[in-house]
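First up is the structure itself, then whatever we jot down about it.
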């Protein structure tokens, strides 16, 4: 009887452990669109002294640098076009550590944050990633604005700031003015697939 119970428990344990997702199976990993947006949303909050400004900073390029402390690949980019612009942006994501990059010309929803798939960019834990959004083809300065999170007291963002596996290192705004380093955190989240 004890042998039969042990065999049943062993079978249940084997089934339970073998059916769990350990993020090492490339067949079941998916692009997690919230991998960067969740740390941005959690860190740059009103409670932490930030204002969410959906249409701010009238410079052509909005960029930030971060470190992802996990192995995987960047697989999507999220953004929301402001009410003043329906056109496209050049999105460039550069792995400064490996000198590899991916880029795409994309337009996004004006109504809400929208994610678009991009050619994957490999990331090793600790790699430095630079994310750039550059407008082109615009005719008005007001079209260059974008969503940023800015300190309520108008001081520079005190980088580096870390949550979980993501460390935000710096930001910059330039083109038709600037540069304006660490003025705010651009809201340009990335999707990430953990290996």
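Numbering (mature numbering (1 follows the signal peptide of the UniProt record, and there is no 0)), first residue to last: -20 to -1, 1 to 175. Just so it is clear, CB atoms sit at the ideal spot from N, CA and C, and this is done for glycine as well.
Cβ of residue i less than 8 angstroms from any chain C Cβ?
i	result
residue 72	Note that chain C does not occur in the displayed structure, where there is just one protein chain.
Who pairs with residue i in a beta bridge, going by DSSP?
i	result
residue 177	The shown model of the chain, from -20 to 175, leaves out residue 177, and the question about it has no answer.
residue 89	Beta-bridge pairing links residue 89 to no other residue.
residue 60	BP columns for residue 60 are empty, so no partner.
residue 13	Paired residue(s): none; residue 13 is not in a bridge.
When the Cα atoms are used, what is the spatial distance from residue i to residue j?
i	j	result
residue 85	residue 76	20 angstroms
residue 16	residue 119	31 angstroms
residue 48	residue 66	31 angstroms
residue 143	residue 20	9 angstroms
residue 146	residue 140	10 angstroms
residue 3	residue 104	Since pLDDT at residue 3 reaches only 44, below the 50 mark, its modelled position is unreliable, and no value is offered.
residue 14	residue 169	8 angstroms
Determine whether the beta carbon atoms of residue i and residue j lie at a separation below 8 angstroms.
i	j	result
residue 36	residue 125	yes
residue 60	residue 88	yes
residue 155	residue 128	no
Near residue i, what residues of its chain come up, given a Cβ to Cβ distance below 7 angstroms and the 5 sequence neighbours on each side ignored?
i	result
residue 173	9, 10, 11, 12, 52, 53 and 55
residue 116	70
Can you list, in chain order, the residues of its chain whose CB lies under 6 angstroms from that of residue i, leaving out five sequence neighbours each side?
i	result
residue 74	81 and 110
Go through its chain and collect everything with a Cβ distance to residue i's Cβ below 8 angstroms, but skip five positions before and after it.
i	result
residue 39	124, 153, 154, 155, 156, 157, 158 and 160
residue 22	143
### Query
Is the segment 17 to 33 touching the segment 154 to 161, taking contact as three or more C-beta pairs under 8 angstroms?
Judged by Cβ distances under 8 angstroms, the segment 17 to 33 makes no contact with the segment 154 to 161, as fewer than three pairs qualify.
### the segment 101 to 115 touching the segment 61 to 73, judged by at least three CB pairs closer than 8 angstroms
Result yes; three or more Cβ-Cβ pairs closer than 8 angstroms.
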